[in-house]
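Step one of this worksheet: look at the structure below.
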């Protein structure tokens, strides 16, 4: 008996959850749910679907909720069949999140897939995690007027005319979090100035706004959401905020700035009479200066229940910022999780901030000594210099290492490493973790070197015995035309693998005039949020391939790889 036949007896079924089912549905056709016309809720997410037939849901006139998410074999090719059927239903919530593999690129939402939705009463649509880069012009305009929430986070959105179409919608919430956004969402992005509801949440967390906000003095929210109540700019790597960024927004109740790299609260908020919560936890704040505390006190006059979260910050308790400790001891503002706060004294010891008044008295005694003040200032100066030098060395650490080993090899006059022509001893240097050596020596090298056209350098076979490991690596990379990295979790956890990867990057930049010589082969699926940023840049620039698991794919894979390495 088929799965569809088993359901035929459930004629009055209203809710059906088949998500992550043991059935592992692979295909849904016209007979799967043929006997059920009363369904209101249907969830077939997280199965192994690769096909959904047209007409599957057309008879479900009462269907209000449909979730086909996390079927990565399905892709967008079956989306049109689903949306075509939804025009005959009572659909209100439609979810099709992550229908494509993790490393898919350049996905486009087609106008034809959205066209049937204009005849529905859809309220919420979720298209997150689909690697979407563009939406075809006209597609957004086809969404019904009843739409209230659009969630399109965790995609790779690029500029396009589709952004202007959002102004035609009556949506209350548009979620664009985690899209790698490196610019603020102004009127040209999703046109949020026309949102009419007063209960608004600006969800642009977990992007890259920290690269642009510190250098932009515009009042970027002045024309976006004048009635904004909650703003969440967490996880954006913001080092500094423009002082007047929220000057024209008066209705804010909550500001979330956690997990950035802020060192102070330089933000005009004294006009926000409705503010009840300010979250600046998990930043780099050592203290709040007089302007910041004065801003907060002005707000506290109108908002008697104002709460500030300063947890997980490297707060310092020194003579130079004793005014901050005095303010904490005297203010009526509440501090969330105060018992967990700690601060560092001038002698580098840490002390609890649970009782600010006791700490204030301690600092008053310490700071009464002129010698103590001088020592504190000198310590701060030394710490600043060391921090700057350490930061510079850390920022350019791979360049310095590369130049050091190249100079060392040149001094020792290593053979074949400083040729003036474009010949190389090897076609490719292969970087891999020891745990993956079976793949490299039994498959990779055997396939690539089979015809003698390509010669590979592998550390187990070709490194010189007795030579320094780092020097061997630098020498091998310089003598090879390209570098192939076999990416796995073992690779990411290996110090020497990451050393080889970064040395290859430096070789590309400083010895090959920026030529891309690094190729990534993914042996397994790895979440993008676990990849180092530098490696993620190569992935996003398409300098990677995934190792296939089928026999036909293997043959094509090895032939293409050999051709690439031999040119």
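Residue numbers (this note's numbering): 109 to 675.
Beta carbons are placed, not taken as given, at the ideal position from N, Cα and C, and that holds for glycine.
- Item | Contacts around residue 675, its chain only, beta-carbon distance under 6 Å, and the 5 residues preceding and following it disregarded | If we look at residue 675 and ignore the five residues flanking it on each side, it has no Cβ neighbours.
- Message: I'd like the list of long-range same chain contacts for residue 297, defined as Cβ closer than 7 Å, with 5 residues on each side in sequence excluded.
- Response: Any reading at residue 297 is ruled out, since the residue's pLDDT is 47, under 50, leaving its predicted position unreliable.
- Message: Let me check understanding here. Comparing Cα to Cα, which of 489, 150 and 265 lies closest to residue 177?
- Response: Nearest option by C-alpha distance: 150.
- Message: Tell me which residue opens and which closes the alpha helix (DSSP H) that residue 432 is part of.
- Response: Counting along the chain, the unbroken alpha helix (DSSP H) around residue 432 starts and ends at 430 to 438.
- Item | residue 185 versus residue 237: straight-line alpha-carbon distance, rounded | Between the alpha carbons of residue 185 and residue 237 lies a gap of roughly 16 Å.
- Task: Could you work out which residue in 124, 557, 153 and 356 is closest to residue 146 when comparing CA atoms only?
- Result: Nearest neighbour of residue 146 by Cα position, chosen from 124, 557, 153 and 356, turns out to be 124.
- Message: Could you check whether the stretch 641 to 649 touches the stretch 529 to 548, counting it as contact only if at least three pairs of C-beta atoms, one from each stretch, sit closer than 8 Å?
- Response: Touching, no.
- Which term fits residue 301, buried or exposed, when burial requires 16 or more other beta carbons within 10 angstroms of its beta carbon? At residue 301 the pLDDT is 45, less than 50, meaning the model places this residue with poor confidence; the figure from the coordinates comes in the next sentence. Classification for residue 301: exposed.
- Taking only the alpha-carbon atoms, compute the straight-line gap between residue 126 and residue 239 and give it to the nearest angstrom. Looking at the backbone, the Cα of residue 126 and that of residue 239 are separated by about 25 Å.
- Return the first residue and the last residue of the alpha helix (DSSP H) that residue 569 is part of. Following the DSSP letters along the chain, one finds residue 569 inside the alpha helix (DSSP H) bounded by residues 567 to 570.
- Does the Cβ of residue 496 have 16 or more other Cβ atoms within 10 Å, making it buried, or fewer, making it exposed? Burial call: exposed.
- Query: Do you know how far the Cα of residue 160 is from the Cα of residue 109?
  - Reply: At residue 109, the pLDDT of 42 sits below 50, so the modelled position is not reliable and the matter cannot be decided from this model.
- Message: Suppose only complete runs of 3+ residues qualify. What are the beta strand (DSSP E) ranges in the stretch 184 to 254, listed by chain order?
- Response: Runs found: 201 to 203, 215 to 217, 232 to 234 and 240 to 243.
- Query: Can you tell me where the beta strand (DSSP E) with residue 257 in it begins and where it stops?
  - Reply: From DSSP, the beta strand (DSSP E) with residue 257 extends over 257 to 259.
- Query: What residues match up with residue 419 in a beta bridge as DSSP calls it?
  - Reply: Answer by DSSP bridge pairing: none, since residue 419 is not bridged.
- Query: Cα separation between residue 260 and residue 235?
  - Reply: Straight-line spacing of the CA atoms in residue 260 and residue 235 works out to 5 Å.
- Query: How would you label residue 364, buried or exposed, when you count the other beta carbons within 10 angstroms and need 16 or more for buried?
  - Reply: Residue 364 should be labelled buried.
- Could you have a look at residue 459 and say whether DSSP puts it in helix, strand or coil? Look at residue 459 here: in three-state DSSP terms it is strand.
- Runs of alpha helix (DSSP H) wholly within the stretch 539 to 584 (minimum 4 residues, chain order): Counting only runs of 4 or more residues that sit fully inside the stretch 539 to 584, the alpha helix (DSSP H) segments are 553 to 556 and 567 to 570, in chain order.
- Task: Report the residue from 210, 487 and 600 whose alpha carbon sits nearest the alpha carbon of residue 543.
- Result: Closest option to residue 543, Cα to Cα, is 600.
- Could you please give me the residues that DSSP links to residue 639 through a beta bridge? According to DSSP, residue 639 bridges with nothing at all.
- Does the beta carbon of residue 653 fall short of 6 Å from some heavy atom of the ligand COA? Questions concerning the ligand COA fall outside what the structure shown contains, since it holds no ligand whatsoever.
- Query: By Cβ distance, which residues of its chain are closer than 7 Å to residue 158, with the 5 residues on each side in sequence left out?
  - Reply: Result list for residue 158: 134, 135, 181 and 182, in chain order.
- Query: Relative to the alpha-carbon of residue 559, which residue among 210, 671 and 230 has its alpha-carbon at the smallest distance?
  - Reply: Comparing Cα positions, the closest option is 671.
- Query: Among 411, 426, 148 and 431, which has the Cα closest to the Cα of residue 458?
  - Reply: Of the candidates 411, 426, 148 and 431, the one whose C-alpha sits nearest the C-alpha of residue 458 is 426.
- Message: Per DSSP, what are the beta-bridge partners of residue 443 in this structure?
- Response: Per DSSP, 416.
- Task: Run the CB neighbour count on residue 673, radius 10 Å, all protein chains shown included, and call it buried at 16 or more, exposed below.
- Result: With 16 or more other CB atoms across the displayed protein chains lying within 10 angstroms of its CB, residue 673 is buried.
- Message: Within 8 Å, do at least three Cβ pairs link the stretch 575 to 583 to the stretch 629 to 641?
- Response: They do not touch, by the three-pair rule.
- Message: Let me check understanding here. Comparing Cα to Cα, which of 359, 632 and 393 lies closest to residue 385?
- Response: Per the Cα distances, 359.
- Item | DSSP beta-bridge partners of residue 149 | Under DSSP, residue 149 takes part in a beta bridge, and its partners are 123 and 173.
- Query: By how many angstroms is the C-alpha of residue 206 removed from the C-alpha of residue 228?
  - Reply: Residue 228 and residue 206 have their C-alpha atoms roughly 23 Å apart.
- Message: In the DSSP output, what is residue 590 paired with across the bridge?
- Response: Residue 590 pairs with 536.
- Straight-line Cα distance separating residue 274 from residue 657: Taking the straight line joining both Cα atoms gives about 41 Å.
- Counting only the same chain and skipping the five closest in sequence on each side, list residues whose C-beta sits under 8 Å from that of residue 666. Cβ within range, chain order: 555 and 556.
- Note down the Cα distance separating residue 474 from residue 416, rounded to an integer number of angstroms. Between residue 474 and residue 416, the C-alpha separation is close to 28 Å.
- How long is the line joining the alpha carbons of residue 155 and residue 139, rounded to whole angstroms? Spanning the two alpha carbons is a distance of roughly 18 Å.
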